[in-house]
Ligand code: FES
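Residue numbers (the numbering used here), protein chains in the order written: chain W, 18 to 298; chain Y, 172 to 424.
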């Protein structure tokens, strides 16, 4: 068992330290035919906001080599509708469900966190912050999400770890997901060069793929590695983890658990392989 | 959803595409798809252009990663996925496609005793070769430059210049004549095409007009939200709720 909220009154124990990253696994059982129940340590859901959000317009996904750029706008049906649709499944889930809550305003964040926490099966909440959130606002949002009373994990924006991570821990985060995907820009494929340079045919989004993994290891080496851990809360490693060996490297650098992102779509079985590697330790 | 292993048989030029043959125990039906692992960061969606009991043929663009496999290679597939075309004891079938999307309708060319196929493309050179179609299929061509057949676009209400003709009046007759209508066009065309259906048929039954939506589908299972589209009943996933939708459901934006 892995404990992700050792100082929280309820704690958040996972049978194995592997889980999908927010945004790659839906809200429940879409992979039921490919992954047996109980392979995961926890189910981290797709983003959930208090109000429904529509999908982004225009191009939403772009690949370049092995890298994937994604911009969906975090579409979701809103906390109430998602609870109606998936609450029963969460209740039966053999592993803790961790809804990924999109931080909007403190009032909405609090309301959504309280709603989600009422569902049986929910073991904790992962709070997703906007890349440009101020430190004070991040703390305010964290306090709002703590209204759920459940263990709170905060997913820290990639470019803001230095500024935000210590503040969030000080403010009471039970664990941190390091990190949210880096923001990136790619030219759209059929863009003439001159247009790409003028910025009119570019796609902005979240970057996934193997190039992110060394960046993740750098963050872990600085913030989680034994002897360097300035944060003193469990760290969940997220970004480009592609194999059991990658996952074990994260653990050796001080991570308590790992999240697997878009690789799940190509190779859902990678979650099983990583879980098996942890079991064999 | 299944995960199955297919055997890659061949990839042959079939201008302007490449024809790729996969043998697999459970091939996708018309309008369904599989997600094939081809070595890239994401799986590739393959729609059948021809299906039989042993597998299917897909038409892919030139340079598609699957065309680089060697005959006999194993291909990991997710699927069949999604909802395909649903036709029930059909006698008269109307198919409408943009030329570069025609391949997904090809499995339906023999689905009824009377099939009329309307293909719209930019110019004559992009039209399907008549000998690539079953002889019984009635083929009507629409070109945007008027180089062959009717002058496009399909839904145009503008009067045609002298010496040319629009397909509008005939299309209305065909929509009134057919029992089912299947379409493969860009999604932004569907509202106007839905308008044509509403004009030509007073109360079309549910799924009378079935439209295949093309979009990126990285996961195929409703996990990633990349493929969401607006419909009359809120946003839906193309990968699991489609890719074939009731035209009147999605043609209302
Ligand atoms: S392809 Fe991922 S949700 Fe449809």
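For each residue, glycine too, the CB sits at the ideal point set by N, CA and C.
In or out: residue i buried (at least 16 other Cβ within 10 Å) or exposed?
| i | result |
| --- | --- |
| residue 412(Y) | buried |
| residue 126(W) | buried |
| residue 425(Y) | Because chain Y spans 172 through 424 in this model, residue 425(Y) falls outside it and cannot be assessed. |
| residue 404(Y) | exposed |
| residue 165(W) | buried |
| residue 93(W) | buried |
| residue 294(Y) | exposed |
| residue 291(Y) | buried |
| residue 243(Y) | exposed |
| residue 179(W) | exposed |
| residue 206(W) | exposed |
| residue 337(Y) | buried |
| residue 63(W) | buried |
| residue 146(W) | buried |
| residue 302(Y) | exposed |
| residue 203(Y) | buried |
| residue 402(Y) | buried |
| residue 330(Y) | exposed |
| residue 110(W) | buried |
| residue 241(Y) | exposed |
| residue 396(Y) | buried |
| residue 335(Y) | exposed |
| residue 184(Y) | exposed |
| residue 188(Y) | buried |
| residue 408(Y) | buried |
| residue 122(W) | exposed |
Based on Cα-Cα distance, which residue from the options lies nearest to residue i?
| i | options | result |
| --- | --- | --- |
| residue 138(W) | 265(W), 27(W), 252(W), 290(W) | 27(W) |
| residue 84(W) | 247(W), 222(W), 164(W), 250(W) | 222(W) |
| residue 98(W) | 118(W), 65(W), 79(W), 111(W) | 65(W) |
| residue 370(Y) | 358(Y), 339(Y), 335(Y) | 339(Y) |
| residue 39(W) | 298(W), 281(W), 220(W) | 281(W) |
| residue 236(Y) | 210(Y), 218(Y), 244(Y), 224(Y) | 210(Y) |
| residue 219(W) | 277(W), 76(W), 196(W) | 76(W) |
| residue 71(W) | 251(Y), 417(Y), 347(Y), 406(Y) | 406(Y) |
| residue 264(Y) | 274(Y), 271(Y), 372(Y), 283(Y) | 283(Y) |
| residue 42(W) | 162(W), 123(W), 116(W), 296(W) | 116(W) |
| residue 181(Y) | 226(Y), 352(Y), 392(Y), 174(Y) | 226(Y) |
| residue 104(W) | 120(W), 133(W), 195(W), 61(W) | 133(W) |
| residue 380(Y) | 398(Y), 357(Y), 349(Y), 328(Y) | 349(Y) |
| residue 185(W) | 198(W), 57(W), 131(W), 155(W) | 155(W) |
| residue 46(W) | 34(W), 205(W), 60(W) | 60(W) |
| residue 32(W) | 50(W), 58(W), 51(W) | 58(W) |
| residue 24(W) | 202(W), 191(W), 101(W), 235(W) | 191(W) |
| residue 231(W) | 267(W), 292(W), 244(W) | 267(W) |
| residue 143(W) | 29(W), 260(W), 285(W) | 29(W) |
| residue 203(W) | 87(W), 67(W), 55(W), 243(W) | 87(W) |
| residue 128(W) | 158(W), 151(W), 114(W) | 158(W) |
| residue 305(Y) | 329(Y), 279(Y), 186(Y) | 279(Y) |
| residue 296(W) | 78(W), 271(W), 264(W) | 264(W) |
| residue 221(Y) | 362(Y), 248(Y), 193(Y), 232(Y) | 193(Y) |
| residue 196(Y) | 179(Y), 188(Y), 400(Y) | 179(Y) |
| residue 288(Y) | 276(Y), 297(Y), 366(Y) | 276(Y) |
| residue 157(Y) | 185(Y), 355(Y), 391(Y) | No answer is possible for residue 157(Y): the residues shown for chain Y start at 172 and end at 424. |
| residue 268(Y) | 342(Y), 254(Y), 373(Y) | 342(Y) |
| residue 286(W) | 108(W), 161(W), 37(W) | 37(W) |
| residue 270(Y) | 216(Y), 255(Y), 230(Y) | 230(Y) |
| residue 328(Y) | 367(Y), 314(Y), 175(Y), 346(Y) | 367(Y) |
Contact criterion: CB-CB distance below 8 Å. Does residue i meet it with respect to chain A?
| i | result |
| --- | --- |
| residue 174(Y) | Chain labels in this structure do not include chain A; the protein chains are W and Y. |
Please specify which runs of the beta strand (DSSP E), each continuous and at least 3 residues long, are wholly inside the segment 198 to 284 of chain Y, giving them in chain order. Taking only runs of at least 3 residues, the beta strand (DSSP E) segments lying wholly in the segment 198 to 284 of chain Y are 204 to 207, 215 to 217, 221 to 223, 226 to 231, 245 to 252, 263 to 269.
Taking only runs that begin and end inside the segment 337 to 377 of chain Y, name each unbroken beta strand (DSSP E) of 3 or more residues, in chain order. Uninterrupted beta strand (DSSP E) stretches at least 3 residues long and entirely within the segment 337 to 377 of chain Y occur at 351 to 355, given in chain order.
Please list the residues of the segment 197 to 222 of chain Y that have a C-beta atom closer than 7 Å to any C-beta atom in chain W, keeping them in chain order. Flagged, chain order: 208, 211, 212, 213, 214.
Give the residues from the segment 376 to 404 of chain Y that approach chain W closer than 7 Å (Cβ to any Cβ), ordered along the chain. So the close ones are 387, 389, 390, 392, 393, 394, 395, 396, 397, 399.
Go through the segment 27 to 63 of chain W residue by residue and report every complete run of the beta strand (DSSP E) that reaches 3 residues or more, in order. Inside the segment 27 to 63 of chain W, DSSP marks whole beta strand (DSSP E) runs of 3 or more residues at positions 35 to 37, from first to last along the chain.
Can you list, in chain order, the stretches of the alpha helix (DSSP H) that have 4 or more residues and sit fully within the segment 236 to 298 of chain W? Within the segment 236 to 298 of chain W, the complete alpha helix (DSSP H) runs of at least 4 residues are 261 to 269, 280 to 283, 287 to 296.
Near-chain Y residues of the segment 160 to 184 of chain W - C-beta to any C-beta below 7 Å: From the segment 160 to 184 of chain W, no residue has a Cβ closer than 7 Å to chain Y.
Within 9 Å of chain Y by C-beta, residues of the segment 263 to 288 of chain W in sequence order: Along the segment 263 to 288 of chain W, going in chain order, the ones with a CB nearer than 9 Å to a CB of chain Y are 279, 280, 281, 282, 283, 284, 285, 286.
The segment 225 to 236 of chain W: positions lying closer than 7 Å to chain Y by Cβ: Per Cβ criterion, the list reads 226.
Segments assigned alpha helix (DSSP H), at least 4 residues, entirely inside the segment 181 to 230 of chain W: Taking 4 residues as the shortest admissible run, the segment 181 to 230 of chain W contains the following complete alpha helix (DSSP H) segments, listed from N- to C-terminal end: 210 to 215.
Return the chain-ordered ranges of every alpha helix (DSSP H) run that is complete within the segment 63 to 125 of chain W and spans a minimum of 4 residues. Qualifying alpha helix (DSSP H) stretches, in chain order: 96 to 109.
Residues of the segment 18 to 44 of chain W whose Cβ lies closer than 8 Å to any Cβ of chain Y, in chain order: Closer than 8 Å at the C-beta level to chain Y, one finds these residues of the segment 18 to 44 of chain W: 40, 41, 42, 43.
In the segment 333 to 354 of chain Y, which residues sit with their C-beta less than 8 Å from some C-beta in chain W, listed in chain order? Within the segment 333 to 354 of chain Y, not one residue has a Cβ closer than 8 Å to any Cβ of chain W.
Can you pull out the residues from the segment 403 to 424 of chain Y whose beta carbon lies closer than 7 Å to at least one beta carbon of chain W? Per Cβ criterion, the list reads 406.
Of all the alpha helix (DSSP H) runs that stay within the bounds of the segment 375 to 420 of chain Y, which reach a length of 4 or more residues? Here the runs fully enclosed are 409 to 412.
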